[in-house]
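Participant: Just so we're aligned: 424 in the numbering used here is position 141 of the sequence shown, and the numbers increase by one with no gaps anywhere. Where is the CB? At the ideal position from N, CA and C, for every residue including glycine.
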Amino acid sequence: IDESKVIQMKPPIQVRDLATRLNLKPFQLIHELMEMNVFATLNQNIEEAVAKKICEKRGFVFLAEKRKEGGGVHKVAPVVEPPKAKPVPSANLKPRPPIVTFMGHVDHGKTSLLDAIRRAKVAAGEAGGITQHIGAYTVQRNNHSITFLDTPGHEAFTAMRARGANVTDIVVLVVAADDGIKPQTLEALRHAQAAKVTIMVAINKVDLPNANLDKVKGQLQELGLAPEEWGGQTVVCEVSATKGTGIEKLLEMIALQSEVLELRADPTGNARARVIETQIETGRGPTATVLVQHGCLKVGDSFVCGPHQGKVKALFDDAGNAIKTAGPSIPTRIIGLSGAPSPGEEVVVVSSEREARTIVEERQEAQRATRLAAGPGAPTGVTLENLFASIADGQKKCLRVVLKGDVQGSVEAIVEAIRKIQSQKVTLEIILSTIGPISESDILLAKASGAVVIGFNTKTDNSAANAAKREGIQIKLFSIIYELVDQVKEAMTGLLDPELRESPLGNALVKKVFELSKFMVAGSQVQSGRITKSGRARVIRKKQPIYDGAVVTLKRFQEDVPEVRQGLECGIRLGNFDEYEEGDIIECYQLEKVPQTL
Numbered sequence: 284i285d286e287s288k289v290i291q292m293k294p295p296i297q298v299r300d301l302a303t304r305l306n307l308k309p310f311q312l313i314h315e316l317m318e319m320n321v322f323a324t325l326n327q328n329i330e331e332a333v334a335k336k337i338c339e340k341r342g343f344v345f346l347a348e349k350r351k352e353g354g355g356v357h358k359v360a361p362v363v364e365p366p367k368a369k370p371v372p373s374a375n376l377k378p379r380p381p382i383v384t385f386m387g388h389v390d391h392g393k394t395s396l397l398d399a400i401r402r403a404k405v406a407a408g409e410a411g412g413i414t415q416h417i418g419a420y421t422v423q424r425n426n427h428s429i430t431f432l433d434t435p436g437h438e439a440f441t442a443m444r445a446r447g448a449n450v451t452d453i454v455v456l457v458v459a460a461d462d463g464i465k466p467q468t469l470e471a472l473r474h475a476q477a478a479k480v481t482i483m484v485a486i487n488k489v490d491l492p493n494a495n496l497d498k499v500k501g502q503l504q505e506l507g508l509a510p511e512e513w514g515g516q517t518v519v520c521e522v523s524a525t526k527g528t529g530i531e532k533l534l535e536m537i538a539l540q541s542e543v544l545e546l547r548a549d550p551t552g553n554a555r556a557r558v559i560e561t562q563i564e565t566g567r568g569p570t571a572t573v574l575v576q577h578g579c580l581k582v583g584d585s586f587v588c589g590p591h592q593g594k595v596k597a598l599f600d601d602a603g604n605a606i607k608t609a610g611p612s613i614p615t616r617i618i619g620l621s622g623a624p625s626p627g628e629e630v631v632v633v634s635s636e637r638e639a640r641t642i643v644e645e646r647q648e649a650q651r652a653t654r655l656a657a658g659p660g661a662p663t664g665v666t667l668e669n670l671f672a673s674i675a676d677g678q679k680k681c682l683r684v685v686l687k688g689d690v691q692g693s694v695e696a697i698v699e700a701i702r703k704i705q706s707q708k709v710t711l712e713i714i715l716s717t718i719g720p721i722s723e724s725d726i727l728l729a730k731a732s733g734a735v736v737i738g739f740n741t742k743t744d745n746s747a748a749n750a751a752k753r754e755g756i757q758i759k760l761f762s763i764i765y766e767l768v769d770q771v772k773e774a775m776t777g778l779l780d781p782e783l784r785e786s787p788l789g790n791a792l793v794k795k796v797f798e799l800s801k802f803m804v805a806g807s808q809v810q811s812g813r814i815t816k817s818g819r820a821r822v823i824r825k826k827q828p829i830y831d832g833a834v835v836t837l838k839r840f841q842e843d844v845p846e847v848r849q850g851l852e853c854g855i856r857l858g859n860f861d862e863y864e865e866g867d868i869i870e871c872y873q874l875e876k877v878p879q880t881l
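1) Hey, VAL575 and ALA609 are a contact pair by Cβ (cut 8 Å); roughly how many whole angstroms apart?
2) Compare the C-beta of ARG637 with all C-beta atoms of chain C and state if any pair is closer than 8 Å.
3) Cβ atoms of ILE726 and ILE756: under 8 Å apart, would you say?
4) Which partner residues of TYR872 appear in the DSSP bridge assignment?
5) In the DSSP assignment, find the unbroken alpha helix (DSSP H) run with GLN502 in it and report its ends.
6) With H, G and I counted as helix, E and B as strand and the rest as coil, what does DSSP make of HIS357?
7) Within the same chain, show all residues whose beta-carbon is closer than 8 Å to that of GLY463, passing over the 5 residues directly before and after it, in chain order.
8) To the nearest angstrom, how far is the alpha carbon of GLY566 from that of ALA833?
9) Alpha carbon to alpha carbon, what distance is there between THR641 and VAL359?
10) Report back the beta-carbon spacing between SER807 and ALA820 to the nearest angstrom; my notes put them in contact at under 8 Å.
11) If you draw a straight line from the C-alpha of ALA524 to the C-alpha of ASN493, how long is it?
12) Would you identify the three-state DSSP class for ASN328, choosing helix, strand or coil?
13) Looking at C-beta atoms only, is the number of pairs between the stretch 579-597 and the stretch 624-642 that lie closer than 8 Å three or more?
14) Under 8 Å by Cβ, that's how I've got ILE296 and ALA334 pegged, so tell me the actual separation to the nearest angstrom.
15) Looking at the unbroken beta strand (DSSP E) that takes in ASN487, where does it start and where does it end?
16) Three-state secondary structure (DSSP) at PHE739?
17) Going by alpha carbons, who is nearest to ARG547 out of GLY392, ARG753, PRO380 and VAL457?
18) Where do the N-terminal and C-terminal ends of the beta strand (DSSP E) with TYR863 fall, by residue?
19) Once DSSP output is grouped into helix, strand and coil, what is the label at VAL298?
20) Roughly how many whole angstroms lie between the Cα atoms of ILE763 and GLY688?
21) So THR572 and PRO510 are supposed to be a Cβ contact under 8 Å. How far apart are they, rounded?
22) If you draw a straight line from the C-alpha of ILE382 to the C-alpha of LEU469, how long is it?
23) How would you write the range of the alpha helix (DSSP H) that ILE756 sits in, first residue to last?
24) Can you tell me whether LYS730 is buried or exposed? The criterion is at least 16 other CB atoms within 10 Å of its CB, across all chains shown.
25) What separation, rounded to the nearest whole angstrom, lies between the Cα atoms of GLU521 and ASP490?
26) According to DSSP, simplified to helix, strand and coil, what is ILE400?
27) Among ALA477, LYS526 and LYS479, which one has its Cα closest to the Cα of ASN487?
28) Verify whether the separation of the beta carbon atoms of SER625 and GLY603 is less than 8 Å.
29) Quick check on VAL885: buried or exposed, where buried means 16 or more other Cβ atoms within 10 Å of its Cβ?
30) If you draw a straight line from the alpha carbon of ASP600 to that of THR776, how long is it in whole angstroms?
31) Helix, strand or coil: how does DSSP classify MET536 here?
32) To the nearest angstrom, how far is it from the Cα of ASP398 to the Cα of LEU539?
33) Thinking just about the alpha-carbon of each residue, which of VAL458, LEU346, THR384 and GLN705 is nearest to the one in HIS391?
34) Taking all protein chains shown into account, decide if GLN797 is buried (16 or more other Cβ within 10 angstroms of its Cβ) or exposed.
35) Could you compute how far the alpha carbon of LYS816 sits from the alpha carbon of GLN827?
36) Find the nearest neighbour of ILE737 within the set SER746, ILE713 and THR517, judged by alpha-carbon distance.
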């Protein structure tokens, strides 16, 4: 192969870069792409197969990357990784606040207890007050801080652990005094035990007349959580979120437990943090709540976070106040991300934006190679770990579903039926599928993951209905499976943007070129159809398109007109194009939006 005819590029392949390698003007390449029904702007990426066709058309050989002998797709190992965490001299380690997560049954007052703690510790006149939920907040007690995580539930806790994000020091298992241990309580306990964190118990609702403390403590003892007063080693606090009783005692015991754990971190140097939750905010773009684990996060820091990069434009504390720095265990919202990372992703500060870009490019290429190696039929393994994967990919649309049913058999049948829906354009992610009524925690999960909530022969709790209305989450209820499946298909189709198809309008022959107010106008005669100012047009020279753009000027005898029909003369100008020649053909067309199908 003639080396001068080989174009070798490293994905992702940008339109601008390919045009440069082919010695084309960008608009020429964009036009060729449009002829292939590929609509891309100057800075957008195109598929390797498309680049290969373009190159072959012009007599070049396109190589995306060199492969080892034997062919196939090989996993690309990242060439550059962020600096590893270095051992910290003990002299640099300083005490840090404990990080506490409340877990338990959804109706046992976990959220109410968190709210009661925050109300008790936030001064009424404090700027911001209890106004902004950022997934974590810090309270002060006797000159010591305690950081509380407010997650949607143990699912999110486990998803973060799956990414190596063991951010929690203490889990407080919340149990209602009138209800005792429930299956969800046991599930939360198993998650906490698997994480090997310190477990405390808060028995809530002790003010209720039917509260049975001895029964609950007996259940705890059977689970290996014998209270200290019963000769065990588990700290058990009796509280009432509604009355506010026992809150101080609970905070005191958390503080004592943190002293026993001797929690320390280095507050100096480049920060390493973990993402707690992510949002896409209007006017701010992707934002993330993070907990710094080591070092000091500062405004202006460049960082990488999973497949994303960023530069800290602003930091806000849990009350919404702008801050300049954030140290260990302090919850902070970051603005300045290139995309929305998943909960549990590590934020690593690097030396420069250039280094961050290099690392992220390598990571994205490695992910791409892994996907190619896995093949199109490989399972995606949808969990809370990859809530924002479709945003990161920026390509396929994705419908996310939280499914609740009356019995397990129905749920399994529905899952099997909707997974059989075939589409190359839209993916379907079942975030959660289980039995029981639709609860507030399901709504919070749907909110966090951008999902719709579907119920089959089940009910919606009042708290869930209120939460859905407040959060703008859609709930759909069904009693017939095929109607449910049809609705899912319709929702998937609704995610697709309409396709743009070209519809020819007419063409004109350039007879004379003249200057008008510092730009050139093509004096033309319409040969067929019509030329419209609302359409688009291309300039054809020697049967080759040389420009494509909007009709910005259309005149008849110095007057602007909306259209000119066959046989009439007119003056035409397209975009910022000025290189008209006599004999050029101007083809006018319009782009029509056509609904897509799955």
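Facilitator: By the coordinates alone:
1) For this step, residue 575 is matched to residue 292 along the sequence shown. For this step, residue 609 is matched to residue 326 along the sequence shown. With 8 Å as the limit, VAL575 and ALA609 qualify as a contact, their Cβ atoms being about 5 Å apart.
2) This model lacks chain C altogether; it includes just one protein chain.
3) To locate residue 756, count along the sequence shown from 1; it is residue 473. To locate residue 726, count along the sequence shown from 1; it is residue 443. Cβ distance < 8 Å, so ILE756 and ILE726 count as in contact.
4) Along the sequence shown, read from residue 1 onward, the residue named residue 872 stands at position 589. Looking at the DSSP assignment, TYR872 forms a beta bridge with PRO787 and ARG819.
5) Within the sequence shown, the letter at position 219 stands for residue 502. Taken as a continuous stretch (DSSP letters only), the alpha helix (DSSP H) holding GLN502 covers 496-505.
6) Walking along the sequence shown from the start, residue 357 turns up at place 74. Low per-residue confidence applies at HIS357: pLDDT is 38, beneath 50, and the placement is therefore not dependable, though the value from the model is reported in the following sentence. Three-state DSSP puts HIS357 in coil, outside helix and strand.
7) In the sequence shown, residue 463 corresponds to position 180, counting from 1. The answer, listed in chain order, is ASN495, LYS498, VAL499 and GLN502.
8) As a working note, residue 566 is residue 283 in the sequence shown. As a working note, residue 833 is residue 550 in the sequence shown. Cα to Cα, GLY566 sits roughly 30 Å from ALA833.
9) Locating residue 359 in the sequence shown gives position 76, where the first residue counts as 1. Locating residue 641 in the sequence shown gives position 358, where the first residue counts as 1. Residue placement at VAL359 is flagged as unreliable, the pLDDT there being 39, under the threshold of 50; the coordinate-derived value follows with that caveat. Looking at the two C-alpha atoms, the distance is approximately 14 Å.
10) Here residue 807 is taken as the residue at index 524 of the sequence shown, counted from 1. Here residue 820 is taken as the residue at index 537 of the sequence shown, counted from 1. In fact, because the Cβ distance is near 10 Å, the residues do not count as touching under 8 Å.
11) Residue 524 sits at position 241 when you count from the first residue of the sequence shown. Residue 493 sits at position 210 when you count from the first residue of the sequence shown. Their Cα atoms are separated by approximately 16 Å.
12) For the purposes of this step, residue 328 is identified with residue 45 of the sequence shown, where counting begins at 1. Reduced to three states, the DSSP call for ASN328 is strand.
13) yes
14) Here residue 296 refers to the residue found at position 13 of the sequence shown. Here residue 334 refers to the residue found at position 51 of the sequence shown. Confirmed, about 5 Å.
15) Working through the sequence shown from its first residue, we reach residue 487 at position 204. Note, ASN487: beta strand (DSSP E), 481-487.
16) Here residue 739 is taken as the residue at index 456 of the sequence shown, counted from 1. It is a strand residue.
17) The residue given as residue 547 occupies position 264 in the sequence shown. Of GLY392, ARG753, PRO380 and VAL457, the residue nearest in Cα terms is PRO380.
18) In the sequence shown, counting from the first residue as 1, residue 863 sits at position 580. Run containing TYR863: none; DSSP gives neither H nor E here.
19) For this step, residue 298 is matched to residue 15 along the sequence shown. Three-state result, VAL298: helix.
20) Residue numbering aside, residue 763 sits at position 480 when the sequence shown is read from its first letter. Residue numbering aside, residue 688 sits at position 405 when the sequence shown is read from its first letter. One C-alpha to the other measures close to 12 Å.
21) As a first step, residue 572 must be located in the sequence shown, where it is residue number 289. As a first step, residue 510 must be located in the sequence shown, where it is residue number 227. About 34 Å; that fails the 8 Å criterion.
22) Mapped onto the sequence shown, residue 382 falls at position 99. Mapped onto the sequence shown, residue 469 falls at position 186. Approximately 22 Å, taken between the alpha carbons.
23) By one-based count along the sequence shown, residue 756 stands at place 473. Careful: ILE756 lies outside any alpha helix (DSSP H) and carries neither H nor E.
24) As a working mapping, residue 730 is identified with position 447 in the sequence shown. LYS730 is buried by the Cβ-count criterion.
25) Numbered from 1 along the sequence shown, position 238 holds the residue referred to as residue 521. Numbered from 1 along the sequence shown, position 207 holds the residue referred to as residue 490. Distance between the alpha carbons of GLU521 and ASP490: 10 Å.
26) Position 117 of the sequence shown, counting from 1, holds the residue named residue 400. In this structure, ILE400 counts as helix in the three-state DSSP scheme.
27) Here residue 487 corresponds to residue number 204 of the sequence shown, with the count starting at 1. Measuring from the Cα of ASN487, the nearest candidate turns out to be LYS526.
28) Your numbering for residue 625 matches position 342 in the sequence shown. Your numbering for residue 603 matches position 320 in the sequence shown. Result no, Cβ atoms of SER625 and GLY603 do not sit closer than 8 Å.
29) Lying outside 284 to 881, the shown extent of the chain, residue 885 is not represented and no answer is given.
30) Along the sequence shown, one-based indexing puts residue 600 at 317. Along the sequence shown, one-based indexing puts residue 776 at 493. Rounded to the nearest angstrom, the two C-alpha atoms are 40 Å apart.
31) The residue given as residue 536 occupies position 253 in the sequence shown. In the structure shown, MET536 sits in a helix (DSSP, three-state: H, G or I).
32) Mapped onto the sequence shown, residue 398 falls at position 115. Mapped onto the sequence shown, residue 539 falls at position 256. Answer to the nearest angstrom: the Cα atoms are 22 Å apart.
33) Stepping through the sequence shown from its first residue, residue 391 is reached at position 108. Closest by alpha carbon: VAL458.
34) Position 514 of the sequence shown holds residue 797. In the sequence on display, residue 797 carries Phe and not Gln. Under this definition PHE797 is an exposed residue.
35) As a working mapping, residue 816 is identified with position 533 in the sequence shown. As a working mapping, residue 827 is identified with position 544 in the sequence shown. C-alpha separation (whole angstroms): 23 Å.
36) Along the sequence shown, one-based indexing puts residue 737 at 454. Comparing Cα positions, the closest option is ILE713.
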